[in-house]
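Below you'll find the structure, written out as structure tokens, and then a few comments.
Protein chains: 2
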Amino acid sequence: MTTAKKSYHHGDLKGTLEDAAVEIIRVEGVNGLSMRKLADKVGVSRSAPYHHFEDKQALLSAIAHKGFVLQAEAIDSAEAQGEPAFEAQVMQFVHAYVNWAVEHSEYYDLMFGSEVWQGSTPPEQFAQESRGYFRRYVDRVQRWQESGHISQQLSALRFAQVSWSSLHGISRLLIDGIYVDKKAQEAICSAAATIFFKV
Amino acid sequence: MTTAKKSYHHGDLKGTLEDAAVEIIRVEGVNGLSMRKLADKVGVSRSAPYHHFEDKQALLSAIAHKGFVLQAEAIDSAEAQGEPAFEAQVMQFVHAYVNWAVEHSEYYDLMFGSEVWQGSTPPEQFAQESRGYFRRYVDRVQRWQESGHISQQLSALRFAQVSWSSLHGISRLLIDGIYVDKKAQEAICSAAATIFFKV
DNA sequence: AGCACATCTTGACACTGTCAAAATTGCACC
DNA sequence: GGTGCAATTTTGACAGTGTCAAGATGTGCT
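Which chain is which? The protein sequence lines are A and B, in order.
Start counting at 1 in the first sequence, then tack on 2, and there's your number in the numbering used here.
Start counting at 1 in the second sequence, then tack on 2, and there's your number in the numbering used here.
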């Protein structure tokens with residue numbers, strides 16, 4: 003769990019707090035996380051966390067940031083070990099995206115929660131970074147278009163926006179318990195790939 | 003604003019509370035709504051609302067319920083006055099859905115917020131009702147398939163799940179401020195219709 | 001008028017985020 | 001080794017929150 007540097011009094015309180023917060027969120031949901039409960043769990047006083055995170059929101063933003071990194075890693079690694087054929091690539095990508103989101107909803111909820119994106123503490127750097135992730139997806143689409151695998155009727159940007167919306171929507175509906183049939187997840191992902199990429 | 007029956011002490015407190023809550027949410031967001039502030043705004047004591055709503059959650063669920071009704075009305079009416087040609091119908095539907103969601107995010111946030119769907123007070127009747135709305139959409143897709151306008155390669159259920167995910171995803175990303183370019187909304191909706199329905 | 005009941009208020013409790021001031025600790029330097 | 005400084009943590013406090021139990025108040029019916 004993080005680099006545990008045992009430096010000052012506690013030793014990497016910051017990292018410990020992040021990890022503990024993620025665990026609370028996983029078990030009790032975002033609303034189940036309170037700064038005081040978190041401090042208790044870690045064994046420090048209620049306001050110790052405020053020396054490492056300006057805000058509760060800052061803590062959540064930090065976790066969201068970590069989420070972006072983790073998801074990118076997960077998708078890249080899934081892509082790396084899959085078949086190089088276009089159809090397989092696309093399938094892999096779609097499944098990897100939704101799978102990660104559903105299995106790590108503690109992160110995903112925060113990554114795309116409105117609080118982080120419209121918060122009073124405008125996380126400019128944060129928004130810019132995640133915008134980078136989206137741009138990488140647009141580039142990906144563009145490559146697929148140039149190699150003739152998907153239609154060029156729409157601009158890469160538009161196609162990326164719509165197809166990503168779909169991935170996001172599927173993930174959200176599964177996470178929020180609106181699509182209750184968990185066993186349908188695979189089928190839905192495959193259907194999405196079929197529709198978007200004519201796989 | 004509701005039927006204002008002026009019956010007992012206040013006169014339709016329940017309806018007044020709902021309306022006031024919606025307004026607070028529109029201005030300050032869901033997290034800006036507190037039962038006490040709401041009671042203040044309406045001019046009653048802090049715990050008066052608890053005689054009309056068991057919970058804060060019950061209030062939110064009631065608003066969400068109203069949202070489902072309102073959105074269905076909006077979409078139906080948009081559909082009714084549009085051209086009867088398939089392409090126009092689909093375009094109309096997509097735009098109507100996303101438009102309503104974006105313009106009434108006070109409702110939309112609650113309709114598909116995880117709290118309502120996984121809350122400790124399982125709103126069984128609520129879930130069943132909204133499932134009805136989804137089924138209506140599946141039926142709509144089925145009709146489109148039978149009339150040969152969209153591919154029958156996928157089952158109506160799967161197609162409905164994926165395409166609705168897309169509508170939901172687009173709406174969410176716009177509402178949450180992740181798609182910042184509001185002027186792109188129209189273009190994104192049109193692109194979605196193009197991809198899904200080969201309009 | 002009086003009764004039953006719906007409706008509303010007051011007081012209270014445990015919990016929340018967050019700040020200011022005070023206390024503690026670790027490290028660098030003499 | 002002792003001393004001072006700065007990083008770190010704690011304690012006390014305040015305003016807000018959801019919600020409940022008991023009491024107060026008004027309404028309509030007989």
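In this text, a Cβ means the ideal position worked out from N, Cα and C, and glycines have one as well.
- Inclusion of Pro51 (chain B) and Leu40 (chain B) in the CB contact set at 9 Å is warranted, their separation being smaller than that value.
- For the segment 146-175 of chain A, the beta-carbon criterion of a distance under 9 Å to any beta-carbon of chain B is satisfied by Ser153, Gln155, Leu156, Ser157, Leu159, Arg160, Phe161, Gln163, Val164, Ser165, Trp166, Ser167, Ser168, Leu169, His170, Gly171, Ile172, Ser173, Arg174, Leu175.
- In terms of Cβ geometry, Leu169 (chain B) and Ala193 (chain B) do not form a close pair [threshold 9 Å].
- Assignment of Lys39 (chain B) by DSSP, reduced to helix, strand and coil, places it in the helix class.
- Rounded to the nearest whole angstrom, the C-alpha separation of Gln144 (chain A) and Leu112 (chain B) is 36 Å.
- Within chain A, the residues Gln155, Leu156 have their CB atoms less than 8 Å from the CB of Thr196 (chain B), given in chain order.
- Phe70 (chain A) and Ser132 (chain A) do touch by the CB rule: their CB atoms are close to 6 Å apart, below 8 Å.
- Contact of Phe114 (chain B) with chain A by beta-carbon distance below 7 Å involves Asp178, Ile180.
- Residue state for Ile152 (chain A) is assigned as coil, using DSSP reduced to three classes.
- Around the beta carbon of Gly134 (chain A), fewer than 16 other beta carbons sit within 10 angstroms, so the residue counts as exposed.
- Annotated as distal: Leu156 (chain A) and His106 (chain A), with beta-carbon spacing of 9 Å or more.
- Rounded to the nearest angstrom, the gap between the Cα atoms of Ala129 (chain A) and Lys58 (chain A) is 18 Å.
- Put simply, the CB of Gln144 (chain A) is far from chain B, with every gap to its CB atoms at 9 Å or more.
- Contact between Ser173 (chain A) and Ala103 (chain A) holds: CB atoms are separated by about 4 Å, below the 8 Å threshold.
- Between the alpha carbons of Phe88 (chain A) and Leu159 (chain A) lies a gap of roughly 20 Å.
- Note on Ser79 (chain B): under 16 other CB atoms within 10 angstroms of its CB, so exposed under the neighbour-count rule.
- Among the CB atoms of chain B, none fall inside 9 Å of the CB of Glu131 (chain A).
- If you check the CB distance, Lys43 (chain A) and Ala22 (chain A) come in under 9 Å.
- For Ile190 (chain A), the chain B residues whose Cβ falls inside 9 Å of its Cβ are Arg160, Gln163, Val164, Ser167, in order along the chain.
- A distance below 9 Å separates the beta carbons of Ser167 (chain B) and Gly171 (chain A).
- Look at Ile180 (chain B) here: in three-state DSSP terms it is coil, with no helix or strand label.
- Rounded to whole angstroms, the Cβ separation of Ile197 (chain B) and Glu108 (chain B) is 29 Å, and the two are not in contact under 8 Å.
- In this structure, B:Leu176 is the residue among B:Leu176, B:Thr18, B:Ile180, B:Gly17 with its C-alpha nearest to the C-alpha of Asn101 (chain B).
- CA-to-CA, the gap between Gln127 (chain A) and His67 (chain A) works out to about 10 Å.
- A straight-line Cα-Cα distance of about 31 Å links Ile190 (chain A) and Gly84 (chain B).
- Per DSSP, the unbroken alpha helix (DSSP H) holding Tyr99 (chain A) starts and ends at 88-105.
- Per DSSP, the continuous alpha helix (DSSP H) segment holding Lys68 (chain A) begins and ends at 58-83.
- Between Ser49 (chain B) and Ala74 (chain A), the alpha-carbon positions lie close to 48 Å from each other.
- Chain order gives the chain A residues near Trp119 (chain B) as Asp178, Gly179, Ile180, where near means a beta carbon separation below 8 Å.
- Nearest C-alpha to Phe161 (chain A) among A:Ser47, A:Gly179, A:Arg142, A:Ser149: A:Arg142.
- In this structure, the CA atom of Asp178 (chain B) is about 7 Å from the CA atom of Trp119 (chain A).
- Exposed is the label assigned to Val29 (chain A), since fewer than 16 other Cβ atoms lie within 10 Å of its Cβ.
- Ser192 (chain A): member of the alpha helix (DSSP H) spanning 187-199, first to last residue.
- Taking 9 Å as the threshold, the shortest C-beta distance from Gly31 (chain B) to chain A falls below it.
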